[in-house]
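Peer 1:
Protein chains: 2
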Amino acid sequence: MKSDRGTGATPKASTTISTLLSKPVVLTGDRTTGPLHLGHYVGSLKTRLKLQDETEQYLLLADIQALTDNIGRHREVSENVIEVAIDYLAVGIDPNKSTIFIQSQVPELAELSMLLLNLVTVARLERNPTIKEEIRFRGFERDIPAGFLIYPVSQAADIAAFKATIVPVGEDQLPMIEQTNELVRSFNASVNQDVLVECKALLSSVGRLPGIDGKTKMSKSMDNAIRLGAEPDEIRKAVNRMYTDSRHLRVEDPGQVEGNVVFSLLDAFEPDTQRLAELKHHYQSGGLADSTLKRLLEERLQALLEPIRLRRQRLAMDRGEVMAVLKRGTERARNKAAATVAEVKRALGLAYFV
Amino acid sequence: MKSDRGTGATPKASTTISTLLSKPVVLTGDRTTGPLHLGHYVGSLKTRLKLQDETEQYLLLADIQALTDNIGRHREVSENVIEVAIDYLAVGIDPNKSTIFIQSQVPELAELSMLLLNLVTVARLERNPTIKEEIRFRGFERDIPAGFLIYPVSQAADIAAFKATIVPVGEDQLPMIEQTNELVRSFNASVNQDVLVECKALLSSVGRLPGIDGKTKMSKSMDNAIRLGAEPDEIRKAVNRMYTDSRHLRVEDPGQVEGNVVFSLLDAFEPDTQRLAELKHHYQSGGLADSTLKRLLEERLQALLEPIRLRRQRLAMDRGEVMAVLKRGTERARNKAAATVAEVKRALGLAYFV
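Residue numbers (my numbering), protein chains in the order written: chain L, 5 to 358; chain E, 5 to 358.
1. Let's test the definition: count the other Cβ atoms within 10 Å of the Cβ of Leu269/L and tell me whether it reaches 16, buried, or not, exposed.
2. Count the other C-beta atoms from every protein chain shown that fall within 10 angstroms of the C-beta of Gln107/E, then say buried if there are 16 or more, exposed otherwise.
3. Can a CB atom of chain L be found closer than 8 Å to the CB of Val85/E?
4. Taking three-plus beta-carbon pairs below 8 Å as touching, is the segment 247 to 260 of chain E in contact with the segment 311 to 323 of chain E?
5. Which first and last residues belong to the beta strand (DSSP E) in which Leu269/E is found?
6. Just curious, the beta strand (DSSP E) that Ser102/L is in, first and last residue?
7. If we define contact as Cβ-Cβ less than 8 Å, is Thr277/L a contact residue for chain E?
8. With 8 Å as the C-beta to C-beta threshold (strictly closer), list the residues of the segment 183 to 196 of chain L near chain E in chain order.
9. Apply the 10 Å Cβ neighbour rule to Met118/L and answer buried if 16 or more other Cβ atoms are within range, or exposed otherwise.
10. Could you check what DSSP says for Leu65/E in three-state terms: helix, strand or coil?
11. Measuring only the C-alpha atoms, how far is Ile86/L from Arg332/L?
12. Please compile the residues from chain L whose C-beta is within a distance smaller than 7 Å of the C-beta of Asn122/E.
13. Please name the residue, chosen from Gly218/E, Arg304/E and Leu308/E, that lies closest to Glu262/E on a Cα-to-Cα basis.
14. For Thr220/L, is the classification buried or exposed, using 16 other Cβ atoms within 10 angstroms of its Cβ as the cut-off for buried?
15. Return the bridge partner residues of Val188/E from the DSSP annotation.
16. In angstroms, rounded to a whole number, what distance separates the CA positions of Arg350/L and Pro111/E?
17. Tell me where the beta strand (DSSP E) around Ile170/E begins and ends.
18. Compute the distance between the beta-carbons of Val210/E and Leu301/E, then report whether it is under 8 Å.
19. If you measure from the beta carbon of Arg338/E to each beta carbon in chain L, is any gap under 8 Å?
20. How many angstroms separate the CA atom of Glu130/E from the CA atom of Val157/E?
21. Indicate whether at least one CB of chain L lies closer than 8 Å to the CB of Ala94/E.
22. With a threshold of 16 other CB atoms inside 10 Å of the CB of Asp98/E, please say whether the residue is buried or exposed.
23. Taking all protein chains shown into account, do 16 or more other C-beta atoms lie within 10 angstroms of the C-beta of Met226/L, making it buried, or fewer, making it exposed?
24. Could you have a look at Glu256/E and say whether DSSP puts it in helix, strand or coil?
25. Of all the beta strand (DSSP E) runs that stay within the bounds of the segment 83 to 163 of chain E, which reach a length of 3 or more residues?
26. Kindly indicate which three-state DSSP category Thr334/L falls into: helix, strand or coil?
27. Using a C-beta to C-beta distance shorter than 7 Å, which residues of chain L count as neighbours of Phe267/E?
28. Just the chain L side, please: which residues come within less than 8 Å of Met118/E by C-beta, in chain order?
29. Compare the C-beta of Thr125/L against all C-beta atoms of chain E and say whether one is closer than 8 Å.
30. Per DSSP, what kind of secondary structure is Asp237/E in: helix, strand or coil?
31. With contact counted as at least three CB pairs below 8 Å, one residue from each stretch, are the segment 122 to 137 of chain E and the segment 65 to 79 of chain L in contact?
32. Between the C-alpha atoms of Tyr92/E and Gly353/L, what's the straight-line distance to the nearest angstrom?
33. Return yes when at least one heavy atom of the ligand GTP lies under 7 Å from the C-beta of Asn244/L, else no.
34. For Pro311/L and chain E, any beta-carbon pair shorter than 8 Å?
35. Against chain E, with Cβ distances strictly below 8 Å, would Lys331/L count as a contact?
36. I need the boundaries of the alpha helix (DSSP H) containing Ala355/E, first residue and last residue.
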């Protein structure tokens, strides 16, 4: 088997046809540390809904990666595998178009990780800006779990195992893509064959959704998120709590749009951009009440989340069917990853029994 | 399934019978970087020949571990898998008593390694004296391949996957056993179950064999070794080149026994200890020629290595049969490791489809 595309140099005649016919391959997914929320919807799920029609898309339920900093909370990690899968299906991910699979059930990913670890130095991993930032954020200092330091390699293995050509990421994840491509090039150079394939980052066009408290990031662990499965009452309360402009005390005062969570969410969920522009202008001039805006936003969110919530409820009652979807997806994913890892091992001379 | 023995605390009634009936489990093996030599024979192979009758012994052909610092020489690593296997069989390892298997063909070892990596910090790995020493020896400085830094974890996974209770090691490898048991305890504590089993080091009673040049260690890479498959002429030349006592210039001079390679090897290979004691006394008093001693040693080595060489030659002509032995051993080993890793994953809640 040859790789689906070259790695920059002259294309090889033998791969031309498959290159022409093959769809881009997408690898993306989520750590299974909790159910998904509006931030995921805007930041990644909407993109995946589009990509599933145009690409060969693999959605990774990253339980192993979640364990790298949650070994004590392993029950939570495994229980959220099905929760995240239900979120995927509820927003419209079609398991016949996208392959949803569980990381821990594809041992080939661990095998490839262990091999790629030989191609990167400890110093290089410690220089990774994403890792540096997260080490700071988690307060690990010198007590970084080894699994955490090396998770970019594990992520590179996930991407490389599927020969993914497109990886949707946020700006802060770009160093991960760089690290992946370094490992791909380094592996291909050591075996003197184009076995693995470089990938391109697909940067999210929308910014990150802020938390309802005005913090830069909506996040379950910061308790400032609206779950995709939120009940109507929960949505209403969240919108009411939402940070607007702390100096906008009287309706007739001019208000601030920048940093105003209600506007950030309207930017994401109000389809009538003309109307939204008018509202912003009105708010900035004074005379537009926060409550009016919040009513509009709540309407949008209730309309968006109602069908998702109903599908979630239906799926939650048929967990057997959800597990069957995961089983099929995991088998399909494993076949693909196993083929790549077999190629990798063959290139290293580690195919003894074939 | 319960673990075969407790981990120090009160024994559990349910495991008592299997504990009483089960043999100790041994895990040991070699990096496949070259054929084995007399140093291996004295340091480990003789022990394994004894252990195979009394224990459940697993012999690991550690190609993955060899790659941690030989990624550029991967062909050499994989080609030596069969060479080392032939050495095992030629010295009398019986594949019906010992399970000889190839590390890269047991993906469960990579899975367990990746999980155990979450239970150790980078700082702890960097403090490992064996790793520190080897980093110095290899001149890695800050450019330590990540795979090399974490190889004690991979080694712990190998031991833990087989629930090995005995691991034969040299003195310098004791920190590895300590690291393994730390990981075992830490894993069991995180899942609050005795899934993995602690091991004990079996320290080699004989010292390390020196190289023929007098350096402290016989080693292929230092070109001071006598291969198990050495031809008669090669053995003769090696014995002739052997370092004795550089100040022992005339036969009648007193000679030094300490640091004299010929005596070190006679210590290992001359069965008549009475005679050897007399020879040492004679040498120290003066009047015993190096050539006389070398003739005796050569005789012993030729007698030891001839049947090994002949079995090696026969096995080398029937590589298909050797590969069949490795295939059977690898299947048996994989079954055992897979059972442990399934238990590990079950304990972490990562058994979704059972």
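Each residue gets a CB set at the ideal place from its N, CA and C atoms; glycine is no exception.
Peer 2: Looking at the atomic coordinates:
1. Here the question's residue 269/L lines up with position 265 in the first sequence. The residue is buried, with at least 16 neighbouring Cβ atoms inside 10 Å.
2. The residue given as residue 107/E occupies position 103 in the second sequence. The residue in question, Gln107/E, is buried, as its Cβ has 16 or more Cβ neighbours within 10 Å.
3. By 1-based counting over the second sequence, the position of residue 85/E is 81. Judged by the 8 Å Cβ criterion, Val85/E is in contact with chain L.
4. no
5. Residue 269/E sits at position 265 when you count from the first residue of the second sequence. Per DSSP, Leu269/E belongs to no beta strand (DSSP E); it is in the alpha helix (DSSP H), Val265 to Phe273.
6. Position 98 of the first sequence, counted from the start, is the residue given in the question as residue 102/L. Run containing Ser102/L: Ser102 to Ile106, per the beta strand (DSSP E) assignment.
7. The residue you call residue 277/L lines up with position 273 of the first sequence. Not an interface residue.
8. Ser194 and Val195
9. For the purposes of this step, residue 118/L is taken as residue 114 along the first sequence, with counting starting at 1. It is buried - the Cβ of Met118/L has at least 16 other Cβ atoms within 10 Å.
10. In the second sequence, residue 65/E corresponds to position 61, counting from 1. Strand.
11. Counted from its first residue, the first sequence places residue 86/L at position 82. Counted from its first residue, the first sequence places residue 332/L at position 328. Each residue's alpha carbon lies about 14 Å from the other.
12. Residue numbering aside, residue 122/E sits at position 118 when the second sequence is read from its first letter. Here the neighbours are Leu71, Thr72, Ile75, Pro149 and Gly151.
13. As a position in the second sequence, residue 262/E is number 258, starting the count at 1. Among Gly218/E, Arg304/E and Leu308/E, the Cα nearest to that of Glu262/E is on Gly218/E.
14. Translated into the one-based positions of the first sequence, residue 220/L becomes position 216. Exposed, by the Cβ-count rule.
15. Here residue 188/E corresponds to residue number 184 of the second sequence, with the count starting at 1. Answer is none; Val188/E lacks a bridge partner.
16. As a working note, residue 350/L is residue 346 in the first sequence. As a working note, residue 111/E is residue 107 in the second sequence. The alpha-carbon atoms of Arg350/L and Pro111/E are separated by roughly 15 Å.
17. Reading the second sequence from its first residue, position 166 is the one you call residue 170/E. Run containing Ile170/E: Ile170 to Val173, per the beta strand (DSSP E) assignment.
18. Locating residue 210/E in the second sequence gives position 206, counting from the first residue. Locating residue 301/E in the second sequence gives position 297, counting from the first residue. Against a cut-off of 8 Å, the Cβ pair of Leu301/E and Val210/E comes out as no contact.
19. In the second sequence, counting from the first residue as 1, residue 338/E sits at position 334. For Arg338/E, the answer is no, since every Cβ of chain L falls outside 8 Å of its Cβ.
20. By one-based count along the second sequence, residue 130/E stands at place 126. By one-based count along the second sequence, residue 157/E stands at place 153. Cα to Cα, Glu130/E sits roughly 12 Å from Val157/E.
21. Here residue 94/E is taken as the residue at index 90 of the second sequence, counted from 1. Cβ-Cβ to chain L under 8 Å: no for Ala94/E.
22. For the purposes of this step, residue 98/E is taken as the residue at position 94 of the second sequence. Counting Cβ neighbours within 10 Å, Asp98/E comes out exposed, since fewer than 16 surround it.
23. Counting from 1 along the first sequence, the entry for residue 226/L is found at position 222. Burial call: exposed.
24. For the purposes of this step, residue 256/E is identified with residue 252 of the second sequence, where counting begins at 1. If DSSP states are grouped into helix, strand and coil, Glu256/E belongs with coil.
25. 102 to 106
26. The residue you call residue 334/L lines up with position 330 of the first sequence. Three-state DSSP puts Thr334/L in a helix.
27. As a position in the second sequence, residue 267/E is number 263, starting the count at 1. Simply none; closest approach about 41 Å.
28. Stepping through the second sequence from its first residue, residue 118/E is reached at position 114. In chain order: Ile68, Ala114, Ser117, Met118, Gly151 and Ser158.
29. Here residue 125/L corresponds to residue number 121 of the first sequence, with the count starting at 1. Thr125/L counts as touching chain E.
30. For the purposes of this step, residue 237/E is identified with residue 233 of the second sequence, where counting begins at 1. Residue state, collapsed to three classes: helix.
31. yes
32. Sequence index remark: in the second sequence, residue 92/E carries index 88 (1-based). Sequence index remark: in the first sequence, residue 353/L carries index 349 (1-based). Distance between the alpha carbons of Tyr92/E and Gly353/L is about 21 Å.
33. No copy of the ligand GTP occurs in the structure displayed, which carries no ligand at all.
34. Walking along the first sequence from the start, residue 311/L turns up at place 307. Taking Cβ atoms only, chain E never reaches closer than 8 Å to Pro311/L, which makes this a no.
35. Position 327 of the first sequence, counted from the start, is the residue given in the question as residue 331/L. Closer than 8 Å: yes.
36. The sequence position of residue 355/E within the second sequence is 351, counting from 1. Taken as a continuous stretch (DSSP letters only), Ala355/E belongs to no alpha helix (DSSP H), as it is neither H nor E.
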